[in-house]
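A.B. asks:
2 protein chains.
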Amino acid sequence: MEQLAIGIDLGGTNLKGIIMSREGEGRHLTRVPTEAKKGGQKVLENILTLVDKIVQKEGSKDNIIGVGIGTPGFVDRDGTIIGGAENLPGWKGMQIYEPIQQQFGLPATAGNDVTVTALAEWRFGAGKGFKNIVCLALGTGIGGGIVANDLLYKGSHGMAGELGHICVETNGLQCNCGQKGCVERYASATGIVELAIRVCQELDVKQQTPFAHEVLRKPQNLTSKIVYDYVKRNDPVACRVNELVCEKLARAVGIIVNALSPDRIILGGGVMMAGQVIIDTVSRYVPMFCWPEVWKRCDLAIAQLGENAGVLGAAGLVFEDFTDRRILEDRRDDV
Amino acid sequence: MEQLAIGIDLGGTNLKGIIMSREGEGRHLTRVPTEAKKGGQKVLENILTLVDKIVQKEGSKDNIIGVGIGTPGFVDRDGTIIGGAENLPGWKGMQIYEPIQQQFGLPATAGNDVTVTALAEWRFGAGKGFKNIVCLALGTGIGGGIVANDLLYKGSHGMAGELGHICVETNGLQCNCGQKGCVERYASATGIVELAIRVCQELDVKQQTPFAHEVLRKPQNLTSKIVYDYVKRNDPVACRVNELVCEKLARAVGIIVNALSPDRIILGGGVMMAGQVIIDTVSRYVPMFCWPEVWKRCDLAIAQLGENAGVLGAAGLVFEDFTDRRILEDRRDDV
Numbered sequence: 001m002e003q004l005a006i007g008i009d010l011g012g013t014n015l016k017g018i019i020m021s022r023e024g025e026g027r028h029l030t031r032v033p034t035e036a037k038k039g040g041q042k043v044l045e046n047i048l049t050l051v052d053k054i055v056q057k058e059g060s061k062d063n064i065i066g067v068g069i070g071t072p073g074f075v076d077r078d079g080t081i082i083g084g085a086e087n088l089p090g091w092k093g094m095q096i097y098e099p100i101q102q103q104f105g106l107p108a109t110a111g112n113d114v115t116v117t118a119l120a121e122w123r124f125g126a127g128k129g130f131k132n133i134v135c136l137a138l139g140t141g142i143g144g145g146i147v148a149n150d151l152l153y154k155g156s157h158g159m160a161g162e163l164g165h166i167c168v169e170t171n172g173l174q175c176n177c178g179q180k181g182c183v184e185r186y187a188s189a190t191g192i193v194e195l196a197i198r199v200c201q202e203l204d205v206k207q208q209t210p211f212a213h214e215v216l217r218k219p220q221n222l223t224s225k226i227v228y229d230y231v232k233r234n235d236p237v238a239c240r241v242n243e244l245v246c247e248k249l250a251r252a253v254g255i256i257v258n259a260l261s262p263d264r265i266i267l268g269g270g271v272m273m274a275g276q277v278i279i280d281t282v283s284r285y286v287p288m289f290c291w292p293e294v295w296k297r298c299d300l301a302i303a304q305l306g307e308n309a310g311v312l313g314a315a316g317l318v319f320e321d322f323t324d325r326r327i328l329e330d331r332r333d334d335v
Numbered sequence: 001m002e003q004l005a006i007g008i009d010l011g012g013t014n015l016k017g018i019i020m021s022r023e024g025e026g027r028h029l030t031r032v033p034t035e036a037k038k039g040g041q042k043v044l045e046n047i048l049t050l051v052d053k054i055v056q057k058e059g060s061k062d063n064i065i066g067v068g069i070g071t072p073g074f075v076d077r078d079g080t081i082i083g084g085a086e087n088l089p090g091w092k093g094m095q096i097y098e099p100i101q102q103q104f105g106l107p108a109t110a111g112n113d114v115t116v117t118a119l120a121e122w123r124f125g126a127g128k129g130f131k132n133i134v135c136l137a138l139g140t141g142i143g144g145g146i147v148a149n150d151l152l153y154k155g156s157h158g159m160a161g162e163l164g165h166i167c168v169e170t171n172g173l174q175c176n177c178g179q180k181g182c183v184e185r186y187a188s189a190t191g192i193v194e195l196a197i198r199v200c201q202e203l204d205v206k207q208q209t210p211f212a213h214e215v216l217r218k219p220q221n222l223t224s225k226i227v228y229d230y231v232k233r234n235d236p237v238a239c240r241v242n243e244l245v246c247e248k249l250a251r252a253v254g255i256i257v258n259a260l261s262p263d264r265i266i267l268g269g270g271v272m273m274a275g276q277v278i279i280d281t282v283s284r285y286v287p288m289f290c291w292p293e294v295w296k297r298c299d300l301a302i303a304q305l306g307e308n309a310g311v312l313g314a315a316g317l318v319f320e321d322f323t324d325r326r327i328l329e330d331r332r333d334d335v
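Those sequence lines, one after another, are chains G and Y. The numbering used here applies: residue 1 is where the first sequence begins, and numbers increase by one. The numbering used here applies: residue 1 is where the second sequence begins, and numbers increase by one.
Listed below in structure tokens is the structure:
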């Protein structure tokens, strides 16, 4: 019997849903508005509506083994949102497994939206065939996900993978997490823009380049894409920003390499539109920040799945939690 | 049928061996000299001699399912020592599974000596009953071990868990790993002693306490035990050293909490003879260095198994690798 899973990706603007086979073949990709501002209950209703639409399109629930959800924030084992989803008012405290079970008779599972992209990259993308991988999503902030021993590692309460808050500068820039010097203050899209502006503002007039002129004229328009467009043109100031960004990122990568010794670390998110230059620059710095012996057996790669990683990972979670992982847990209970 | 495993703990001076049941009951604890200076081949011969002695004592190989070895350094999947065992000349490059298989007809497995203590604490000690734990062994250096999703996490080439080299001070003290500011430069036995000497040397005469007098009189005699004896007597200078040590340790713990969100972080090794004062002081600092929401669901505890953790963990590895883990991998191969 073909086994199918429904995956839902909860974004700030849209909910995205798909139905997927174990091999990663997806169909019925569907979007509905999240309506985040209307509160947690409304978001949940929209999720139920989306699941219903997908079931309708499929025409039958017979082969569907469960529903997986990727959501901002932390999801505890029982399906309660326990924090970390600040841009979804009223989402914290919601119980999301029961309503799905009740309305569709399907078991539900969920994970952090970035964490599940790691599962997707491992099953279908840049991490395929490896046993241990780590993903870093360089977006507005930096999120992370870990696959360890061929299983997604969620941590004890769905909170693992907060790799954007690895401290890379003692007493560095203040972060909204309360710490100082978190890597996301330097190497997220936001961090890169702020760093570039600071670098340009500190230049003498003689040192200014076309990049610096553009930044100083309209700093509010700067994006990480613009920074890396100039890096590609070899603008010296933009290249210096890239070095600063990648040195900080390499400090975090070095800690991950020493702690987890994965086969591969995958960099994704909007910033990675810049591509290979970031991989190359970070790779140059990493040996300074970990055991070179360990780093020799690891590499950096660009994420392959793009914007559908979330929805594929959410569906992948269903297979992970309701078939693969269960085998081991059943065995453990016998011991 | 009762299943038994042989565990071997490779120390710089002695090899320790035991035979253990799945429930952790050990017998025939035996020691032979490591003879590290005579080179890798001699160490391997001594391991074979030790296994033979234990088999003789047991009187039968019938119920023994394998041999597990905890060793300094990194062991690749095929049983080759690929580095990190500097105090065992000629150990790097040795193949340790084949000779055991040939001489005894038993499969062998191995792991880093600190990594396997994490397995022991999780199966039989302070980590029992949890799904995800991290151990930090505060000795001459700092080693680490991770249990993730109810499985020991060795990393891709037996190299995971180098948690002593988490950077906690950007451009801090030089470490022998090549990095600067590694936590083991501040919170290992060696690091604590060096830190205490520096603190005492910087004091004005008026600020000197009985602890400072003792340190400055014979700095070469100082041990972390002496530091913590004075902490217990509330010596202000010793207490200040404790604060500095624990603040640094808390920075590493914070990174581990954010990255792995374990149920518990277990502190062991010689330094932890000091006991609860370190747990309490570190716990006070950790919320400054991670998401408090994640830390709320984690705690710090003292390792319970003492000096036999290594040999119990090495035997535990046999059950882990030849029964529990195999179930999952067989299933994966079918997919």
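Ideal Cβ positions, reconstructed from N, Cα and C, are used throughout, including at glycine. All values reported here derive from a predicted model rather than from experimental measurement.
1) Could you tell me whether the Cβ atoms of Gly181 of chain G and Cys167 of chain G are closer together than 8 Å?
2) DSSP beta-bridge partners for Phe74 of chain G?
3) Compute the distance between the beta-carbons of Ile8 of chain Y and Ile69 of chain Y, then report whether it is under 8 Å.
4) Exposed or buried, which one is Phe74 of chain Y when buried takes at least 16 other CB atoms within 10 Å?
5) For Val271 of chain G, which residues from the same chain have a beta carbon less than 6 Å from its beta carbon, with the 5 sequence-adjacent residues on both sides left out?
6) Closest Cβ-Cβ distance between Gln179 of chain G and chain Y: below 8 Å?
7) Under 7 Å Cβ-Cβ, which residues of chain G neighbour Tyr153 of chain Y?
8) Name the residues in the stretch 248-265 of chain Y whose C-beta lies less than 7 Å from a C-beta of chain G; which are they?
9) Apart from the five residues on each side of it in sequence, which residues of its chain come closer than 7 Å, Cβ to Cβ, to Glu162 of chain Y?
10) Over what stretch of residues does the alpha helix (DSSP H) that includes Asn221 of chain Y continue unbroken?
11) Once DSSP output is grouped into helix, strand and coil, what is the label at Cys177 of chain G?
12) For Ser21 of chain Y, which residues does DSSP report across the bridge?
13) Apart from the five residues on each side of it in sequence, which residues of its chain come closer than 7 Å, Cβ to Cβ, to Pro236 of chain G?
14) Anyone know if the C-beta pair for Cys298 of chain Y and Ile266 of chain Y falls short of 8 Å?
15) For Val67 of chain Y and Ile6 of chain Y, which I take to be in contact (beta-carbon distance under 8 Å), what is that distance rounded to the nearest angstrom?
16) Can you tell me the Cα-Cα spacing of Pro292 of chain Y and Val277 of chain Y, whole angstroms?
17) Between which two residues does the beta strand (DSSP E) harbouring Arg185 of chain G extend?
18) Output yes if chain A places a C-beta closer than 8 Å to the C-beta of Cys167 of chain G; else output no.
19) Is Ile345 of chain G near Leu29 of chain G, with beta carbons less than 8 Å apart?
20) For Pro287 of chain G, which residues from the same chain have a beta carbon less than 6 Å from its beta carbon, with the 5 sequence-adjacent residues on both sides left out?
21) With a threshold of 8 Å between beta carbons, is Gln291 of chain G in contact with chain Y?
22) Kindly list, in the order they appear in chain Y, the residues whose Cβ is closer than 7 Å to that of Lys131 of chain G.
23) Short check: CB of Val245 of chain Y to CB of Val199 of chain Y, under 8 Å?
24) Look at the Cβ atom of Gly129 of chain Y, then the Cβ atom of Glu121 of chain Y, and state whether they are nearer than 8 Å.
25) What are the residues of the stretch 169-201 of chain G that lie near chain Y, defined by any Cβ-Cβ distance shorter than 8 Å?
26) Are the C-beta of Ala160 of chain Y and some C-beta of chain G separated by less than 8 Å?
27) Could you tell me if Phe319 of chain Y is buried or exposed, where buried requires 16 or more neighbouring beta carbons within 10 angstroms of its beta carbon?
28) Quick one: list the residues of chain G neighbouring Leu163 of chain Y, beta-carbon separation under 8 Å, in chain order.
29) Quick one: residues in its chain with C-beta nearer than 6 Å to the C-beta of Ala314 of chain G, no 5 flanking neighbours on either side, listed in chain order?
30) Just to confirm, does Glu194 of chain G get its C-beta within under 7 Å of one of the non-hydrogen atoms of the ligand PLP?
31) With distance defined between alpha-carbon atoms, name the residue in Y:Ile256, Y:Leu317, Y:Trp91 nearest to Val134 of chain Y.
32) For Arg297 of chain G, return the contacting residues in chain Y, with the cut-off set at a CB-CB distance below 8 Å.
33) What number of angstroms, rounded off, separates the C-alpha of Ile302 of chain G from the C-alpha of Ser60 of chain G?
34) Going straight from the alpha carbon of Gly12 of chain Y to that of Leu300 of chain G, what length do you get?
35) Using a C-beta cutoff of 8 Å, does Val294 of chain G count as contacting chain Y?
36) Would you mind sorting Val205 of chain G into buried or exposed? The rule is 16 or more other CB atoms within 10 Å of its CB.
C.D. replies: Concretely, from the data shown:
1) yes
2) G:Gly83
3) yes
4) buried
5) Leu138, Ala189, Ser224
6) yes
7) Ala148, Asn149
8) Arg251, Ile255, Asn258, Ala259, Leu260, Ser261, Pro262, Asp263
9) Gly144
10) Per DSSP, Asn221 of chain Y belongs to no alpha helix (DSSP H) and is neither H nor E.
11) coil
12) Y:Leu4
13) Thr209
14) no
15) 5 Å
16) 21 Å
17) No beta strand (DSSP E) contains Arg185 of chain G, which is instead part of the alpha helix (DSSP H) from 184-187.
18) Structure shown: chain A not included; protein chains present are G and Y.
19) The displayed coordinates of chain G run from 1 to 335. Any statement about residue 345 of chain G would go beyond what the structure contains.
20) Trp295
21) The sequence shown places Trp at residue 291 of chain G, rather than the Gln named in the question. Trp291 of chain G counts as touching chain Y.
22) Ser156
23) no
24) no
25) Glu169, Thr170, Gly172, Cys177, Gly178, Gln179, Gly181
26) yes
27) buried
28) Asn258, Ala259
29) Gly7, Ile8, Asp9, Gly68, Ile69, Gly70, Val116
30) With respect to the ligand PLP, the structure shown offers nothing to examine, as it has no ligands at all.
31) Y:Ile256
32) Ser156, His157, Met159
33) 37 Å
34) 36 Å
35) yes
36) exposed
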